[in-house]
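Residue numbers (this note's numbering), protein chains in the order written: chain A, 1 to 593; chain B, 1 to 375.
First up is the structure itself, then whatever we jot down about it.
Structure follows, in structure tokens:
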């Protein structure tokens, strides 16, 4: 492909379609203009391209560049008209909804779940031979859910055949219909024991649109998710997208295949981790769902919490976390009935924004809990393979970890990235840093960032076409580095010293003592670094072991360096008065509100 | 967003309302274009495939899965009655014969020689779709359903629970901001849709259903009362299938809020007339709001439905309601629409508008926090 100079990218979300313009200026790719419009997948429009054209039209108005000729995107770019490439992601119409099945829930069931999630799907249910449900209950469930696609796996290659064939029989008996396109057969992917292929074909071949691919768990020790993920992407385009209103037309416009939004964000997360050789956790908190991504030692995982979000699902955060968990972050008292009514009013009118500071504080308290719950779900799924036999040496006998341990090790986390309205659009950037720290509770030294205006999906799909353009925009315009959090792990009586610090800042040195229960914020401008030496007190661990001194280069940002002495796991005082005064003190230290 | 639609609910005295009545699966349509239908009339019917029962026969017969087809007495597709033999062994001595009988009435769906499992499907269940509105069939969706058209008043609520029902409207309050006491609901409300004022308390809703009312409409409900009614905390606003013995619709939101003036006037004018209502709410993309349709009014001046409410964006002079604190529930008129983003108390920089509230007071409010009240 010839070198790109102008790119227009859209993300068709469930409520809004966001367009960004990327232009090469002075040899560097930059994101220059942005437009948005309501998504038009549903009645009365039922054509996704309307919203896309409206969003692009807004970019046209702001930039002065002519991009559309009627309903056609002008390509290639010439002077101040046209673009070289149009690309898009989509999560409209509820995204990609899948049902997965495996023989043993904690083994192939989990692998299938990781496979589908990594491909950008919402997993509606996980069926397994041993999930405790009766056969007719499983069949009813498959029929009821009407997934876009089913991923069937089970058995290692050469292992048992009958269990996975039994699952196939359940799928066949349910005779499920896809969500879109009444006359179409449901796409089913078989990625299980290769020796059962023939039988699977006999059972499902004539009833479903069956695709056979490599086993996702060829042996107990090995997970092979790539081939099945690629099949999911292909089928997403062929079956799901092609049936959704207007997508056939949209697909004919784009210069690269349309990606499910979370899959595109996953691409970009993996790209950052690869490029810098670091461990990354990212979160995208939306109105309806919260996605968490992690890359640890090169292993990518994604989870989606389908009912944790800040508008459509806000009431579900309340029912899952409970009023007390939310109110613990709020530095004032509020009547529970009043809080419940406010949250329900947000649920039924999801587009409203907080006008009062007090209302913002409640909203950010809810966000902390939504993020915390979503991350807990992620830790449960981002685990090593279960069922793996490991040889244990004498030293392992004292090690309690076993197969299936979480891959998420907060002490080794280098970068925590937040995205989504409540984080990206927080009136003060330091509020986003505080929400991330309280929800994820990073340990040791962790750099914090937010997606400036939610363009990671666009850049994810761009990276599949032009890695350099995606990287440059990502570095220059997408990520806003907030600063660095340094949190020793331990607990102690409030007020006692938990660490001594010395920071060599660009404009001089600062040293002091960090006390248990306190937060200290030191300004370091964006782009600058400082040399930190931290000597934890006995019983406290900043990453090098209890009481062991650490030295690190810390990066600045709008929030600067945040020394968090509140301990891990973070516990708020139970007493009302003490909690209020402590939360107020933290807010003051961070200059939050 | 240049193309933002200002959220607003449709409230109109006279509209042409079309409702698609669709089967969950393909089936038979029982009416034709031009037919007059009554709301409780069946317009389409289908048979929902019966539930399935699985049986693993190989263990019970003491054979291997591969042998199963040979011992089956019923083949795939054959009917079988409960108690009728399904499969039997054929030993040399009859004394050793093992027979497995079908536990249910149904059809043999599949016989697996891999797993030894057979699947029996129970007889199909009939599913019927009713017309829901008194109106005329204007379109037949081949094998799937019909579109029914009716003329009448149309009011969208903001949130509801419970499914479709119908009955005469019974307005029990004199003013839209009045709170109704539970004792005011009498047994004569049986079969009716009660209009109950600014706050539907649990006691009020409970009293209405005990008296046999089919529906209840009000300005607001408190979340704690909704929880009591449902028996659980509603997490996501997808409703319509609740079995709570009554359909409840609130027109304004959570808390005590007067019913909007125009909504109340329409309901009051329709006192005693038949209405079809649905509490089904879906607040996701493709939002669905609960609705009150009072058919039977003919007029020359009709408005086509569906159309997105208020597509033109906000205009100076529009009447709006504020839908978030600090002015939650207050009504006012738009007097300025500044273009530039402006900071509000939360320090967020947003597009705002200036309002003259009904009290005469002026207020600056984020544009996202108002909804247009249609005249």
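All C-beta atoms, glycine included, are put in the ideal place defined by N, C-alpha and C.
Remember, predicted model here, so these are calculated numbers, not experimental data.
Member of 261/A, 246/A, 383/A and 376/A whose CA lies at the smallest distance from the CA of residue 301/A: For the purposes of this step, residue 301/A is identified with residue 301 of the first chain, where counting begins at 1. Checked all of 261/A, 246/A, 383/A and 376/A; the closest Cα to residue 301/A is 383/A.
C-alpha gap between residue 64/A and residue 593/A, whole angstroms: Taking the first chain and counting its residues from 1, the one referred to as residue 64/A is at position 64. Taking the first chain and counting its residues from 1, the one referred to as residue 593/A is at position 593. The alpha-carbon atoms of residue 64/A and residue 593/A are separated by roughly 38 angstroms.
Helix, strand or coil for residue 239/A per DSSP? Numbered from 1 along the first chain, position 239 holds the residue referred to as residue 239/A. Looking at residue 239/A - three-state DSSP - the assignment turns out to be helix.
To the nearest angstrom, report how far apart residue 330/A and residue 458/A are at their CA atoms. In the first chain, counting from the first residue as 1, residue 330/A sits at position 330. In the first chain, counting from the first residue as 1, residue 458/A sits at position 458. If I take the Cα positions, the gap works out to 35 angstroms.
On a Cα-Cα basis, can you pick out the residue from 100/A, 138/A, 559/A and 169/A that is closest to residue 191/A? For the purposes of this step, residue 191/A is taken as the residue at position 191 of the first chain. For the residues 100/A, 138/A, 559/A and 169/A, the minimum Cα distance to residue 191/A belongs to 100/A.
Quick check on the DSSP output: the beta strand (DSSP E) that includes residue 446/A runs from which residue to which? For the purposes of this step, residue 446/A is taken as residue 446 along the first chain, with counting starting at 1. Counting along the chain, the beta strand (DSSP E) containing residue 446/A begins and ends at 444 to 451.
Which class does residue 264/B belong to by DSSP, given the choice of helix, strand or coil? Counting from 1 along the second chain, the entry for residue 264/B is found at position 264. Reduced to three states, the DSSP call for residue 264/B is helix.
Against residue 254/B, what residues of chain A qualify as contacts under a CB-to-CB distance less than 7 angstroms, listed in chain order? Working through the second chain from its first residue, we reach residue 254/B at position 254. Listed along the chain, the chain A residues whose CB falls inside 7 angstroms of the CB of residue 254/B are 341, 344 and 345.
Using a Cβ-Cβ distance cut-off of 7 angstroms, determine whether residue 344/B contacts chain A. In the second chain, the residue the question calls residue 344/B occupies position 344. Judged by the 7 angstroms Cβ criterion, residue 344/B is in contact with chain A.
Bridge-paired residues (DSSP) for residue 327/A: For this step, residue 327/A is matched to residue 327 along the first chain. Per DSSP, none; premise fails for residue 327/A.
First and last residue of the beta strand (DSSP E) that includes residue 334/B? Here residue 334/B is taken as the residue at index 334 of the second chain, counted from 1. Run containing residue 334/B: 331 to 336, per the beta strand (DSSP E) assignment.
Helix or strand or just coil, what does DSSP make of residue 194/A? As a first step, residue 194/A must be located in the first chain, where it is residue number 194. Correct three-state label for residue 194/A: helix.
Alpha carbon of residue 245/A to alpha carbon of residue 46/A, nearest angstrom: The residue you call residue 245/A lines up with position 245 of the first chain. The residue you call residue 46/A lines up with position 46 of the first chain. Rounded to whole angstroms, residue 245/A to residue 46/A spans 5 angstroms at the Cα level.
Under a three-way DSSP split, which group does residue 305/B fall into? Here the question's residue 305/B lines up with position 305 in the second chain. Interpretation of residue 305/B is limited by its pLDDT of 46, a score under 50 that renders its predicted location unreliable; no figure is taken from the coordinates.
Between the alpha carbons of residue 111/B and residue 107/A, how many angstroms are there, rounded? The sequence position of residue 111/B within the second chain is 111, counting from 1. The sequence position of residue 107/A within the first chain is 107, counting from 1. So the alpha carbons of these two residues sit roughly 28 angstroms apart.
Could you please tell me which residues of the segment 351 to 373 of chain A, in chain order, have their CB closer than 7 angstroms to any CB of chain B? The segment 351 to 373 of chain A vs chain B, Cβ under 7 angstroms: 351, 352, 353, 354, 355, 356, 357, 359 and 360.
Comparing alpha-carbon positions, which option in 269/A, 378/A, 88/A and 280/A lies nearest residue 260/A? Walking along the first chain from the start, residue 260/A turns up at place 260. The candidate whose alpha carbon is nearest that of residue 260/A is 88/A.
Taking the alpha carbon of residue 2/A as the point to measure from, which residue in 75/A, 350/A and 566/A has its own alpha carbon closest? Indexing the first chain from 1 puts residue 2/A at position 2. Out of 75/A, 350/A and 566/A, 75/A has the C-alpha closest to the C-alpha of residue 2/A.
Mind checking who residue 22/A pairs with in its DSSP beta bridge? As a position in the first chain, residue 22/A is number 22, starting the count at 1. Paired residue(s): 7/A and 31/A.
Could you confirm whether any beta carbon from chain B is found closer than 7 angstroms to the beta carbon of residue 402/A? Within the first chain, numbered from 1, the residue matching residue 402/A stands at position 402. No answer about residue 402/A holds up, because its pLDDT of 46 lies below 50 and its placement is not dependable.
For the segment 175 to 193 of chain B against the segment 138 to 155 of chain B, do three or more pairs of beta-carbon atoms, one drawn from each stretch, fall closer than 8 angstroms, so that the two count as touching? Verdict: no, contact absent.
Check whether chain B comes within 7 angstroms of residue 245/A, counting only Cβ atoms and requiring the distance to be less than that. Here residue 245/A refers to the residue found at position 245 when the first chain is read from its first residue. Taking Cβ atoms only, chain B never reaches closer than 7 angstroms to residue 245/A, which makes this a no.
Is DSSP giving residue 167/B helix, strand or coil here? Stepping through the second chain from its first residue, residue 167/B is reached at position 167. Note: residue 167/B maps to strand in three-state DSSP.
State the CB to CB distance for the pair residue 157/B and residue 180/B, rounded to an integer number of angstroms; the pair is presumed to be in contact (CB under 8 angstroms). Taking the first residue of the second chain as 1, we reach residue 157/B at position 157. Taking the first residue of the second chain as 1, we reach residue 180/B at position 180. Actually they are not in contact, since the Cβ atoms of residue 157/B and residue 180/B sit about 17 angstroms apart, beyond 8 angstroms.
Just curious, the beta strand (DSSP E) that residue 292/B is in, first and last residue? Taking the first residue of the second chain as 1, we reach residue 292/B at position 292. That run of the beta strand (DSSP E) goes 291 to 295.
Report the start-end ranges of each beta strand (DSSP E) in the segment 205 to 275 of chain A that is 3 residues or longer and not cut off at the edges. 209 to 212
What is the C-beta distance between residue 213/A and residue 185/A, in whole angstroms, given that I count them as a contact (C-beta under 8 angstroms)? Counting from one through the first chain, the residue named residue 213/A turns up at place 213. Counting from one through the first chain, the residue named residue 185/A turns up at place 185. Between residue 213/A and residue 185/A a beta carbon distance of about 17 angstroms is seen, past the 8 angstroms cut, so the two are scored as non-contacting.
Quick check: the Cα distance between residue 479/A and residue 331/B, rounded to an integer number of angstroms? The residue you call residue 479/A lines up with position 479 of the first chain. The residue you call residue 331/B lines up with position 331 of the second chain. If I take the Cα positions, the gap works out to 41 angstroms.
Can you tell which of 102/B, 245/B and 356/B has the C-alpha that lies nearest to the C-alpha of residue 205/B? Translated into positions along the second chain, residue 205/B becomes position 205. Taking each of 102/B, 245/B and 356/B in turn and checking the Cα distance to residue 205/B, the smallest one comes out for 245/B.
Meets three-Cβ-pair contact criterion under 8 angstroms: the segment 139 to 148 of chain A and the segment 253 to 268 of chain A: Fewer than three pairs of CB atoms, one per stretch, sit closer than 8 angstroms, so the segment 139 to 148 of chain A makes no contact with the segment 253 to 268 of chain A.
Helix, strand or coil for residue 343/B per DSSP? Sequence index remark: in the second chain, residue 343/B carries index 343 (1-based). In this structure, residue 343/B counts as strand in the three-state DSSP scheme.
Step through the CB atoms of chain A and report whether any lies within less than 7 angstroms of the CB of residue 283/B. Here residue 283/B refers to the residue found at position 283 when the second chain is read from its first residue. Closer than 7 angstroms to some Cβ of chain A, the Cβ of residue 283/B qualifies, so yes.
So, with DSSP's three-state summary, where would you put residue 323/B? Working through the second chain from its first residue, we reach residue 323/B at position 323. In the three-state reduction of the DSSP assignment, residue 323/B falls in the coil class, being assigned neither a helical nor a strand state.
Would you kindly report the start and end of the unbroken beta strand (DSSP E) that includes residue 290/A? Position 290 of the first chain, counted from the first residue, corresponds to residue 290/A. Here the beta strand (DSSP E) through residue 290/A covers 290 to 296.
Taking only beta-carbon atoms, is residue 633/A less than 7 angstroms away from chain B? Beyond the ends of chain A as shown, which are 1 and 593, falls residue 633/A; an answer cannot be given.
In whole angstroms, what is the alpha-carbon distance linking residue 160/A and residue 215/A? Position 160 of the first chain, counted from the first residue, corresponds to residue 160/A. Position 215 of the first chain, counted from the first residue, corresponds to residue 215/A. Straight-line Cα distance between these residues: approximately 13 angstroms.
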